[in-house]
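Asks: 289 is the number that the working numbering gives to position 306 of the sequence shown; each next residue is one higher, with no gaps. In this text, a Cβ means the ideal position worked out from N, Cα and C, and glycines have one as well.
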Amino acid sequence: MTIPEKYQIKETLNQNTYLVNGELKAWTGDTSEVYSTISSTKDYQPTLLGTIPTLGEPEALEALDSAVKAYGKGQGLWPTMKVADRISCMEKFVEQMKTKREEVVKLLMWEIGKNLPDSQKEFDRTVEYIYDTIEDYKKMDRDSAKFEKHGGVHAHIRRGPLGVVLCLGPYNYPLNETFALLIPALIMGNTAIFKPAKFGVLLLTPLLEAFQSSFPKGVVNIIYGRGRTVATPIMRDGRVDVLALIGNSKSANALQNEHPKSNRLRMVLGLEAKNPAIVLPDADLELAISECIAGTTSFNGQRCTALKVLYVHEDIIEKFNTLFSEKVDALKFGNPWEDGAKLTPLPEPDKPAYIQELIDDATSKGAKIINKKGGETTENYIFPAVLYPTSKEMRVYEEEQFGPVIPIVPFSDIEEPLDDMASSNYGQQVSLFGKDTKTLAPLIDTLVNLVCRVNLNSSCQRGPDVYPFTGRKDSAVATLSVHDALRSFSIRTFVASKDNEYNNEILKELLDSKASNFVSTDYIL
Ligand code: G3H
């Protein structure tokens, strides 16, 4: 199938700078090639999209120095700036960002294989997230534009920055999830070093100038390279105050352990999950199936919120399996820009082989592939296999597959999925399908203590982004949402003064002269 003109890759994008100390610094050292697993030719071959710098430890530490300098021991321009001025910088950034929509969306499709509507949604959702963050921050600022008085002490309480943030995003939402960390971190007055994920790197190129021109120098630093080479020395140095990472607990733990003073390190982590669906016998089957299809297959299951195991009651399992398998087989596979393509190429070249391993392991232990197309493999894809019955000793039950394979576990007693969830390492969300409130009520009361979001008759998801996004156990540290992220990246700090004439006169003058950016009762509209 020919690629529409506007989506063709006509020339490679050679990213030969990195952003440090406000400068897009030219890089002439080693570079890494960026390939898409999508073919541009009839005979399959990966498409070369461009190159990125392979930076090393000196450049990583240069970026750290730059962020530390911009924070300036709390005296830097950015952390001491008026809230309204920081907001202006952010507004300038988002205005420039919006002009890059087409380029970013095209690269999202090529680099990570996300389909066109979802790539557009990722971009638009991120822009909206930035505007919502600005509004929430204004509200926070308005709420603190006052003094409190208790026990004879006046207090002017605000939220202040934490310092230097190392920000590492995931490949499945290289724009949205990364910015959902970076933007609140920045607006609260922190400075940041940001390293893109292993895929979805070039799509940042169109935004580099916007970062450079919107913020004071050193506030945002963008580096490229392997995590082990660049992130490890930054952590080991000890001057990072916050590790903000969406990824897996293994890398989060490894990085955390590099920090010489882990007590100082604040962590904001979105980690792995294995969200289950529980389908009760009285569930509206059609609804449950369509939600389970979306939950298991959207973006090929490469979402931390994806449904990664389906528990279906024995009374309805036969019907569920038949209808569910038919629906999976009816999903269209195609390149991201193809109309109606729900399944798209996998960005990781070795993913089909990994998924095949999970299938082989499960089938060797008694599971069957119950859909016709399950496991059909091409150069860049493996069609979702619906595996039934799956059980605990199978790898697909234990591992977060993060790809197109769907294990179904039958149950007769609700205690079975509940026990499994209680003993699992994950604790993000669950989807619960059923109707009878007498059954649902005690279940909800238990499930809210095992995970952090119970989705009633719908698949799991992060959005709307105003809602808290977090998890228990190995699934998260701290809470993200437009509102919560501002809190996760800041700390309460205040000026206290005893209520006496001497101090009150000083406070009054501080306010009248508007000399302090912190002590202020100005109201941002
Ligand atoms: O990868 C995990 C994302 O946070 C999921 O977000 O539910 O909007 O796809 P989503």
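Restricting to Cα atoms, I'd like to know which of Y450, G454, Q(-9) and T327 is closest to N432.
Replies: N432 has its Cα closest to that of G454, out of Y450, G454, Q(-9) and T327.
Asks: Less than 8 Å between the CB atoms is what I'm expecting for P451 and D467, so what's the real figure, rounded?
Replies: 6 Å
Asks: Per DSSP, Q412 is paired with what?
Replies: R436
Asks: Using a Cβ-Cβ cut-off of 7 Å (strictly less than) and excluding sequence neighbours within five positions of P330, which residues of its own chain qualify?
Replies: Cβ within range, chain order: T20, E94, I95, G96, Y154 and F182.
Asks: So S464 and V449 are supposed to be a Cβ contact under 8 Å. How far apart are they, rounded?
Replies: 6 Å
Asks: Any heavy atom of the ligand G3H closer than 7 Å to the Cβ of C287?
Replies: The answer is yes for C287.
Asks: Between which two residues does the alpha helix (DSSP H) harbouring P29 extend?
Replies: For P29, no alpha helix (DSSP H) run applies; the uninterrupted beta strand (DSSP E) run containing it begins and ends at P29 to P36, by DSSP.
Asks: Which of the three DSSP states is assigned to T279 in this structure?
Replies: helix
Asks: Could you tell me the alpha carbon to alpha carbon distance between D402 and R475, rounded to whole angstroms?
Replies: 39 Å
Asks: Out of E484, K121 and G39, which has the shortest C-alpha to C-alpha gap to I206?
Replies: It is G39.
Asks: Identify the continuous alpha helix (DSSP H) that holds N240 and give its terminal residues.
Replies: S232 to E241
Asks: How many angstroms separate the CA atom of Y18 from the CA atom of G33?
Replies: 7 Å
Asks: Return the first residue and the last residue of the alpha helix (DSSP H) that Y337 is part of.
Replies: K334 to S347
Asks: By the three-class DSSP mapping on this structure, what secondary structure does Y450 have?
Replies: Coil, per DSSP.
Asks: Helix, strand or coil for T361 per DSSP?
Replies: In the displayed model, T361 falls within a strand according to three-state DSSP.
Asks: Over what stretch of residues does the alpha helix (DSSP H) that includes L191 continue unbroken?
Replies: L191 -> alpha helix (DSSP H) spans L191 to S197.
Asks: Which partner residues of H540 appear in the DSSP bridge assignment?
Replies: Outside the displayed span of the chain (-16 to 508) sits residue 540, for which this structure offers no information.
Asks: Could you have a look at M218 and say whether DSSP puts it in helix, strand or coil?
Replies: Of the three classes helix, strand and coil, the one that applies to M218 here is helix, per DSSP.
Asks: Exposed or buried, A214, counting other C-beta atoms within 10 Å across all chains shown (16 or more means buried)?
Replies: A214 comes out buried.
Asks: Alpha carbon to alpha carbon, how far is P36 from V3? Give it in angstroms, no decimals.
Replies: 13 Å
Asks: Leaving out five residues on either side along the sequence, give the residues of the same chain with a beta carbon under 8 Å from the beta carbon of L326.
Replies: T280, N283, L314, K315, F316, G317, Y364, F366, P367 and P387
Asks: When we look at the beta-carbon of T161 and count the other beta-carbons within 10 Å, is it buried (16 or more) or exposed?
Replies: buried
Asks: When burial is assigned at 16 or more other CB atoms within 10 Å of the CB, is R211 buried or exposed?
Replies: exposed
Asks: Which residues mark the beginning and the end of the beta strand (DSSP E) in which K421 is found?
Replies: First-last for K421: T420 to L430, but that is the alpha helix (DSSP H), not the beta strand (DSSP E).
Asks: Leaving out five residues on either side along the sequence, give the residues of the same chain with a beta carbon under 6 Å from the beta carbon of P328.
Replies: T20, I21, G96, N363 and Y364
Asks: Assign H133 to buried or exposed, taking buried as 16 or more other Cβ atoms, counted over all protein chains shown, within 10 Å of its Cβ.
Replies: exposed
Asks: Could you name the residues that DSSP lists as bridge partners for T14?
Replies: P36
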